[in-house]
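Worksheet for the structure shown next.
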């Protein structure tokens, strides 16, 4: 019997209390009344959508700032607040959580596309919340609280009906101790993988820049590529898995969204995300696919090796051209004006082959560190969902 089992048997042998969020917490909105200019010359730290989406615990040291005047009425984040992303382009990524696990050392605000859940009685340890709200039992309820067509949005009234377990604090602490070991190991693997990716990025930049300098000429991206947004499709028409009726991969702004019954592109194409904090990210696909309006589809106007094009656009960091606002976006017209070195297609093909091999070493989830990281993440998710499953106390 594990220590957690012993504690459960000792402290709550008949089950644990389950409560609705509305009975123990309230929602706190993010920033209001902010303009694009407020985010370009800020004086106060704030939590971005990307920060909340990507982290179990809020990264309160991230260098994202917004202008807040003295005496301005805005909500501050506090220790224990659970930040929730309010919308997404697909239901599986909506309502992602990130928890303030330490007292902010300076005023910390929240972007307007998220809201915070603030507990009015201390039912949960912040460190426990960060695992609980990413657990499958809670995520399943969050997905049911969301709906939409173009964007999937969380309904706050439905969200507040979500039921969560509240085990004794001793049980919470022991679960945190166990799960934090998994996340710590995962963080160490991620750091090692990031170091390798940095080496790869350096080599990619050196290879592309040296080849470009010798044989290339500067051209606007709009002269090298055709760039246009995909076509809207209802979320209800997208399947999580391929089926006989829906065999075609569907790509949105952040990559693969699912599978649909028709396609609007056939061949080798590149996608650039055009909305949200991750706009400017680059993906590629081959064959019959469907591209949504959140993806900019990139196809060649002149002779281009698509592997070279993928690595070139990735190296250019198109995210730097996003609009400065709480919900950033990428203007296709602006990206078309950005200049890049265009080199002979034989040089493109050579560089593309080399970079594809290197890319596989740091990003292929079937080999090396990426495979180990994927395995550790699945192990964490297995134990997280197992440890967060409780019998409900009667009455």
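In the working numbering, the protein residues as written are 11 to 405.
Heads up, the beta-carbon is just placed ideally off N, CA and C, and yes, glycines get one too.
From a predicted model like this one, the values you see are computed outputs, not experimental measurements.
Where residue 349 is concerned, the enclosing beta strand (DSSP E) starts and stops at 349-352. By the 16-neighbour rule on beta-carbons within 10 angstroms, residue 53 is exposed. Separation of residue 400 and residue 93 (C-alpha to C-alpha, rounded to the nearest whole angstrom) is 24 Å.
Minimum Cα-Cα distance from residue 80 among the listed residues 111, 117 and 255 corresponds to 117. The segment 136-154 and the segment 164-176 touch, with no fewer than 3 CB-CB distances between them shorter than 8 Å. For residue 59, same chain residues with a beta-carbon under 8 Å away, outside a window of 5 residues either side, are 95, 121, 123, 124, 286, 287, 336 and 337 in chain order. Bounds of the alpha helix (DSSP H) holding residue 384 are 378-397. The criterion of a C-beta distance shorter than 8 Å is not satisfied by residue 108 and residue 71.
Proximity to residue 26 across 324, 260, 84 and 177 peaks at 177, based on C-alpha coordinates. Its chain contains 271 as the residues whose beta carbon lies nearer than 6 Å to that of residue 255, once the 5 sequence neighbours on both sides are disregarded; these appear in chain order.
Inside the segment 230-293, DSSP marks whole beta strand (DSSP E) runs of 3 or more residues at positions 235-239, 258-262, 265-270 and 275-283, from first to last along the chain. Three or more pairs of CB atoms, one per stretch, sit closer than 8 Å, so the segment 317-326 contacts the segment 362-381.
In the DSSP assignment, residue 16 falls within the unbroken alpha helix (DSSP H) covering 13-21. Non-local C-beta neighbours of residue 371 in its own chain, meaning closer than 7 Å and more than five positions away in sequence, comprise 378, ordered along the chain. For residue 168, the three-state secondary structure derived from DSSP is helix. Here residue 91 is near residue 128, since their CB atoms are less than 8 Å apart. Burial state of residue 343 is exposed, judged by a 10 Å Cβ sphere holding fewer than 16 other Cβ atoms. Going by C-alpha positions, residue 339 is about 36 Å away from residue 189.
The C-alpha of residue 384 is placed about 29 Å away from the C-alpha of residue 217. Under the DSSP definition of a beta bridge, residue 62 lacks any partner. Counting only the Cα atoms, residue 113 lies some 18 Å from residue 75. Residue 127 is bridged by DSSP to 37 and 92. Relative to the Cα of residue 350, the nearest Cα in the group 143, 328, 332 and 299 belongs to 328. At the C-beta level, residue 309 and residue 235 come within 8 Å of one another. Contact between residue 245 and residue 281 is ruled out by a C-beta separation of about 18 Å, above the 8 Å threshold. Taking all protein chains shown into account, residue 253 has fewer than 16 neighbouring C-beta atoms within 10 Å of its C-beta and is therefore exposed.
Fewer than three pairs of CB atoms, one per stretch, sit closer than 8 Å, so the segment 189-201 makes no contact with the segment 38-47. Annotated as proximal: residue 105 and residue 155, with beta-carbon spacing under 8 Å.
In the DSSP annotation of this structure, residue 173 is not part of any alpha helix (DSSP H); the continuous beta strand (DSSP E) holding it starts and ends at 173-176.
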